[in-house]
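Chains as they are written, first to last, in this note's numbering: chain A, 1 to 205; chain B, 206 to 329.
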């Protein structure tokens with residue numbers, strides 16, 4: 001979506017079908033694994049931050065007006081955007097790292113094409129909950145090992161062994177700060193999603 | 206007029222004075238339509254009866270002259286997404302905006318969409 005500041009607003013759409021289709025990928029991983037960094041390295045916009053306030057409404061109460069002792073929980077989300085073409089917009093959402101926000105993950109996963117689990121080799125175990133979550137939901141994911149400066153560099157087989165995942169799960173090494181590296185991570189995820197559908201990807205330039 | 210001296214009717218224990226849903230009059234549901242965080246919305250017409258809208262509605266209308274997601278609107282308005290969804294429901298019911306839900310999970314993923322995403326990432 002290019003700059004929209006021209007005086008002549010584009011023709012007002014007549015139907016919602018004329019709007020682009022939005023799709024979503026998730027970037028998960030433990031605290032400090034580089035989720036927001038990865039989003040920022042590939043996003044066409046500076047990552048935005050928004051928040052969702054979860055109230056009893058989320059648990060089925062219709063109206064919170066007048067509720068005196070309502071508990072609210074605020075979950076902050078970072079996200080970025082990639083305009084794929086006139087008809088498709090890709091959003092990248094970093095998942096909130098804390099496990100007490102699992103309920104937010106459910107909403108995030110709704111309609112997600114797949115997920116990247118960022119692993120930090122200094123704290124490999126911090127990505128285990130994310131792996132378990134996506135495995136349990138049947139959501140396609142890849143593991144991207146963020147190669148931090150000064151951290152021990154593992155091979156992908158070592159990481160696969162530590163995570164106890166099979167050969168069919170892509171594990172890629174990356175530098176979340178580098179756009180080309182981030183692109184490769186996202187490409188490997190989309191290819192993995194396609195292969196799970198039994199469809200070979202057409203060669204891309 | 207009422208004079209209350211130094212004491213005010215609110216205090217620390219009252220919590221924040223502007224509750225998240227104060228701007229929606231306490232409503233937490235968005236009317237007939239369920240918005241996703243990546244539902245895209247766009248203004249459906251250039252003129253509307255502004256007198257019956259709140260300032261937040263008008264800000265949303267000014268932000269969605271081009272298609273924009275619920276999450277982006279929330280970030281720009283600095284309001285929680287749930288609040289923005291309620292306000293968008295108002296605008297949708299009035300016919301002021303159009304909304305498109307994201308690719309539905311039941312039909313997902315469509316191959317041509319995935320191929321487009323793959324190509325789009327490669328072009329970055």
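Beta carbons: idealized from backbone N, C-alpha and C, even for Gly.
Query raised in the report: Whose C-alpha, out of A:39, A:30, A:47 and A:187, is nearest the C-alpha of residue 324 of chain B?
Result: On the second chain, residue 324 of chain B is found 119 positions in, with the first residue counted as 1. For the options A:39, A:30, A:47 and A:187, the alpha carbon positioned closest to that of residue 324 of chain B is the one of A:187.
Requested in this report: Identify, in the order they occur along the chain, each residue of the same chain with its Cβ nearer than 6 Å to the Cβ of residue 134 of chain A, setting aside the five sequence neighbours on each side.
Outcome: The residue labelled residue 134 of chain A in the question sits at position 134 within the first chain. So the qualifying residues of the chain are 115 and 141.
Report task. Kindly indicate if chain B contains any beta-carbon less than 9 Å away from that of residue 79 of chain A. Result -> Here residue 79 of chain A refers to the residue found at position 79 of the first chain. Cβ-Cβ to chain B under 9 Å: yes for residue 79 of chain A.
**Report entry** Three-state secondary structure assigned by DSSP to residue 31 of chain A
**Finding:** Here the question's residue 31 of chain A lines up with position 31 in the first chain. Reduced to three states, the DSSP call for residue 31 of chain A is coil.
Query raised in the report: Listing by chain order, which chain A residues have their CB less than 8 Å from the CB of residue 267 of chain B?
Result: For this step, residue 267 of chain B is matched to residue 62 along the second chain. Result: empty, since nearest Cβ-Cβ is about 11 Å, beyond 8 Å.
Query raised in the report: Of the residues that make up the stretch 242 to 273 of chain B, which ones have a beta carbon closer than 9 Å to any beta carbon in chain A?
Result: Taken in chain order, the members of the stretch 242 to 273 of chain B whose beta-carbon sits within less than 9 Å of a beta-carbon on chain A are 242, 243, 244, 245, 246, 247, 248, 249, 250, 251, 270, 271, 272 and 273.
Report task. Using three-state DSSP, classify residue 159 of chain A as helix, strand or coil. Result -> By one-based count along the first chain, residue 159 of chain A stands at place 159. DSSP places residue 159 of chain A in the helix class (H, G or I) of the three-state scheme.
Query raised in the report: Taking the Cβ atom as the reference point for each residue, do residue 29 of chain A and residue 119 of chain A lie within a distance shorter than 9 Å?
Result: In the first chain, counting from the first residue as 1, residue 29 of chain A sits at position 29. In the first chain, counting from the first residue as 1, residue 119 of chain A sits at position 119. The answer is yes: Cβ separation under 9 Å.
Query raised in the report: If you count every other CB in all the chains shown that lies within 10 Å of the CB of residue 316 of chain B, and 16 or more means buried, which is it?
Result: The residue you call residue 316 of chain B lines up with position 111 of the second chain. Classification for residue 316 of chain B: exposed.
Query raised in the report: What first and last residue would you give for the alpha helix (DSSP H) that runs through residue 179 of chain A?
Result: The residue you call residue 179 of chain A lines up with position 179 of the first chain. 179 to 196 is the span of the alpha helix (DSSP H), which, as asked, contains residue 179 of chain A.
Query raised in the report: Measuring CB to CB, does residue 35 of chain A end up less than 9 Å from residue 94 of chain A?
Result: Your numbering for residue 35 of chain A matches position 35 in the first chain. Your numbering for residue 94 of chain A matches position 94 in the first chain. Yes.
Report task. Using the Cα positions of residue 84 of chain A and residue 272 of chain B, report the straight-line distance between them to the nearest angstrom. Result -> Residue numbering aside, residue 84 of chain A sits at position 84 when the first chain is read from its first letter. Residue numbering aside, residue 272 of chain B sits at position 67 when the second chain is read from its first letter. Straight-line measurement puts the Cα of residue 272 of chain B at about 14 Å from the Cα of residue 84 of chain A.
Query raised in the report: If you draw a straight line from the alpha carbon of residue 147 of chain A to that of residue 41 of chain A, how long is it in whole angstroms?
Result: Here residue 147 of chain A corresponds to residue number 147 of the first chain, with the count starting at 1. Here residue 41 of chain A corresponds to residue number 41 of the first chain, with the count starting at 1. Going from the Cα of residue 147 of chain A to the Cα of residue 41 of chain A covers about 15 Å.
Query raised in the report: By how many angstroms is the C-alpha of residue 47 of chain A removed from the C-alpha of residue 305 of chain B?
Result: Along the second chain, one-based indexing puts residue 305 of chain B at 100. Along the first chain, one-based indexing puts residue 47 of chain A at 47. Taking the straight line from one Cα to the other gives about 23 Å.
Query raised in the report: Does the Cβ of residue 262 of chain B have 16 or more other Cβ atoms within 10 Å, making it buried, or fewer, making it exposed?
Result: To locate residue 262 of chain B, count along the second chain from 1; it is residue 57. That one is buried.
Report task. Compute the Euclidean distance between the alpha carbons of residue 318 of chain B and residue 139 of chain A, then round it to the nearest angstrom. Result -> Along the second chain, read from residue 1 onward, the residue named residue 318 of chain B stands at position 113. Along the first chain, read from residue 1 onward, the residue named residue 139 of chain A stands at position 139. Their backbone Cα atoms lie some 17 Å apart in a straight line.
Query raised in the report: Between which two residues does the alpha helix (DSSP H) carrying residue 103 of chain A extend?
Result: Along the first chain, one-based indexing puts residue 103 of chain A at 103. That run of the alpha helix (DSSP H) goes 102 to 109.
Query raised in the report: Taking all protein chains shown into account, do 16 or more other C-beta atoms lie within 10 angstroms of the C-beta of residue 15 of chain A, making it buried, or fewer, making it exposed?
Result: Your numbering for residue 15 of chain A matches position 15 in the first chain. In summary, residue 15 of chain A is exposed, with fewer than 16 beta-carbon neighbours lying within 10 Å of its beta-carbon over all protein chains present.
Query raised in the report: Along chain A, in chain order, which residues have C-beta atoms closer than 8 Å to that of residue 305 of chain B?
Result: Position 100 of the second chain, counting from 1, holds the residue named residue 305 of chain B. Within 8 Å of the CB of residue 305 of chain B, the CB atoms of chain A belong to 16, 17, 19, 20, 21 and 22, in sequence order along the chain.
Query raised in the report: From this set, B:257, B:238, B:230 and B:226, which residue's C-alpha is nearest residue 297 of chain B's C-alpha?
Result: Numbered from 1 along the second chain, position 92 holds the residue referred to as residue 297 of chain B. Per the Cα distances, B:238.
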